[in-house]
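Numbering (the UniProt record's numbering), first residue to last: 1 to 625.
Every residue, glycine too, gets a C-beta built ideally from N, C-alpha and C.
Structure record follows, encoded as structure tokens.
Here it is as structure tokens:
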């Protein structure tokens with residue numbers, strides 16, 4: 001044992017710093033860092049010598065009250081520290097945050113270049129008192145080599161507190177990056193830091209809609225001679241904030257390269273600047289059309305002479321009356337009209353359920369361009385209050401189509417496309433979905449080791465593995481049941497109970513029989529229903545129950561019950577498959593002129609929003625949910 005330890009000591013002594021760093025990374029990758037530190041002193045020193053950053057969570061000041069201090073000197077290369085309090089620590093939480101820096105050797109504090117202090121009470125937003133601010137300021141002043149300081153604290157606006165913190169920040173001659181609460185207005189500090197501060201972020205972690213920091217930023221801009229990036233995060237932008245931002249964008253620091261704005265919406269905009277002028281505006285996430293119009297009217301319109309590029313990631317067209325096409329979209333169009341061809345881009349249109357195709361087409365016409373992707377929301381389940389006409393993310397799935405692409409994919413029926421409208425087009429989409437699933441299953445079976453008759457390997461047919469078993473039941477009975485509210489679901493529930501009786505307990509019989517069938521989709525035009533199952537055994541039992549039920553009714557549609565057991569499992573299965581069917585129709589090039597094809601695409605998407613929703617089929621304790 002001693003010989004092995006000696007050999008490790010010899011290796012550690014011969015390793016250079018880079019070699020020790022690689023050793024520590026290897027230990028970290030294997031989850032062995034903690035045990036390695038406890039092995040013996042030399043290995044602990046090697047690990048500690050490679051640590052450059054720490055994240056500390058302080059739960060109390062008991063250590064400090066006993067006259068003991070955090071051993072930061074143990075890590076000789078430590079430069080970055082993130083300190084947070086434990087949730088619920090209310091008393092002396094500022095002292096908790098700064099306690100790791102008390103009692104440290106001067107050379108230890110001189111090595112620290114990056115600090116983040118974050119309280120665990122950020123939902124309360126209680127501002128610091130003068131004494132707490134003084135404690136914080138003293139800790140900041142002790143680390144004179146700080147280059148980055150993030151204060152995730154509700155800083156006080158009281159003059160004595162502002163003076164203490166301003167003086168502390170002004171003493172940091174190397175500070176380049178600063179994060180403050182949105183309401184902080186440290187004019188004196190920024191005046192002293194203006195020649196070296198490069199990155200500034202104002203964030204509202206307390207959801208209090210305080211935008212005083214934005215107004216302060218606009219007034220302090222002339223002093224920010226080195227500022228390169230600004231990030232502003234607020235709950236919402238009010239009139240005062242919009243006016244201040246417009247003034248800031250019209251007269252930014254010459255060194256500024258990027259301004260990022262974000263709300264809790266989330267709605268995120270990025271402005272790119274060059275030589276003191278905004279050259280590009282980009283919506284990075286999504287925005288309702290009225291939100292995009294508001295930002296355009298308040299911030300982009302004054303920049304039109306120099307703005308060279310406008311890129312919108314995702315504009316959402318809602319179904320309620322807050323969407324005013326002519327007023328909202330005209331704001332965007334007026335700004336885009338001054339740009340060069342191709343400089344105005346819209347990556348995606350998202351159309352919410354119950355939005356009419358006419359409204360979408362009018363919106364595209366007002367914008368004057370076709371988005372790269374059309375995303376149509378459809379109901380995932382019935383909304384409790386349909387009159388409210390509002391949908392949350394959990395109520396809606398979507399079908400996405402890349403509208404720029406056009407490549408023949410399949411041979412489609414010779415149909416009179418221009419005369420078709422919503423319900424007919426949805427039927428074509430669902431019928432094509434059946435064809436695509438069948439074709440994919442046939443290809444997968446032919447390619448399977450052992451040929452089409454080969455059984456699935458154990459584990460390949462369970463949830464979380466690589467196959468998605470689907471049962472197709474196609475019969476006039478399905479069509480007739482679908483015409484009576486609740487009848488089809490009741491019939492399927494009866495089949496699930498028969499399926500459960502045929503399965504051994506380990507695969508989900510009894511109280512867990514609902515686990516075998518996740519949901520179903522109706523294809524009314526051809527009298528078919530698709531059931532998504534969790535296992536191949538469950539799908540086979542469901543198919544057997546369906547065949548028996550059809551035979552007992554004298555229908556004899558044995559061939560109309562089919563199991564697709566080798567479809568690849570994907571996240572959001574129905575979303576993926578419906579998008580694939582619509583994309584196939586679009587890529588086929590069918591439908592006539594580009595304008596007519598676009599109308600057909602919009603009709604298809606809006607029609608899907610009105611189709612029978614994908615519905616869960618849960619049965620428990622022998623009762624229908």
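- Contact check for residue 215 against residue 298 fails: the beta carbons are separated by 8 Å or more.
- Under the three-state reduction of DSSP output, residue 470 falls in the strand class.
- By the 16-neighbour rule on beta-carbons within 10 angstroms, residue 24 is buried.
- Apart from sequence neighbours up to five positions away, the residues of its chain that approach residue 563 with a beta-carbon distance below 7 Å are 469, 471, 539, 540, 543, ordered along the chain.
- Taken in chain order, the complete alpha helix (DSSP H) segments of 4 or more residues contained in the segment 523 to 585 are 536 to 552.
- Taking 8 Å as the upper bound for CB-CB distance, residue 203 and residue 181 are in contact here, some 7 Å apart.
- Taking a contact as a CB-CB distance under 8 Å, the pair residue 155 and residue 176 does not count as one, their CB atoms being some 20 Å apart.
- Here DSSP, grouped into helix, strand and coil, assigns residue 153 to coil.
- Ranking 499, 355, 560, 561 by CA distance to the CA of residue 517 puts 499 first.
- In this structure, the alpha-carbon of residue 18 lies about 14 Å from that of residue 45.
- Residue 168 and residue 95 have their C-alpha atoms some 17 Å from each other.
- Sequence-distant Cβ neighbours of residue 282 in its own chain, meaning closer than 6 Å and more than five residues away, are 270, 311.
- Within the same chain, 221, 224, 225, 227 come within 7 Å of residue 253 by CB-CB distance, once the 5 residues on both sides are set aside.
- No residue range can be given for residue 112, since it is assigned to no beta strand (DSSP E) and is classified by DSSP as neither H nor E.
- Straight-line measurement puts the Cα of residue 601 at about 10 Å from the Cα of residue 595.
- Taking C-beta separations shorter than 7 Å and ignoring five residues to either side along the sequence, the partners of residue 371 in its chain run 346, 347, 348, 349, 403, following chain order.
- In the DSSP assignment, residue 345 falls outside any alpha helix (DSSP H) and lies within the beta strand (DSSP E) extending over 344 to 346.
- In the three-state scheme derived from DSSP, where H, G and I count as helix and E and B as strand, residue 234 is classed as coil.
- DSSP places residue 311 in the strand class (E or B) of the three-state scheme.
- Around residue 494, the same chain offers 549 as residues with beta carbons nearer than 8 Å, after the five sequence neighbours per side are excluded.
- A direct Cα-to-Cα measurement between residue 429 and residue 273 gives close to 46 Å.
- DSSP places residue 73 outside any alpha helix (DSSP H), giving it a letter other than H or E.
- Residue 114 sits away from residue 85, with the two beta carbons spaced by 8 Å or more.
- Rounded to the nearest angstrom, the Cβ distance from residue 519 to residue 440 is 19 Å, too far for a contact under 8 Å.
- For residue 286, the enclosing beta strand (DSSP E) has its first and last residue at 277 to 288.
- The beta carbon of residue 307 lies closer than 8 Å to those of 278, 279, 280, 281, 300, 335, 338, 339 in the same chain, with the five residues before and after it left out.
- Looking at 353, 304, 577, 483, the one whose alpha-carbon comes closest to that of residue 332 is 304.
- By the CB criterion at 8 Å, residue 288 and residue 425 fall outside the cutoff.
- For residue 77, the number of other beta carbons within 10 angstroms of its own is below 16, and it is reported as exposed.
- Taking the CA atoms as reference points, residue 501 sits about 27 Å from residue 485.
- Judged by DSSP secondary structure, residue 489 falls within the alpha helix (DSSP H) whose first and last residues are 487 to 502.
- Judged by their CB atoms, residue 401 and residue 583 are nearer to each other than the 8 Å cut-off.
- Distances from the CA of residue 290 to each of 527, 317, 284, 607 were compared; the closest alpha carbon is that of 317.
- Rounded to whole angstroms, the separation of the alpha carbons of residue 172 and residue 250 is 30 Å.
- Secondary structure at residue 20: helix, using DSSP grouped into helix, strand and coil.
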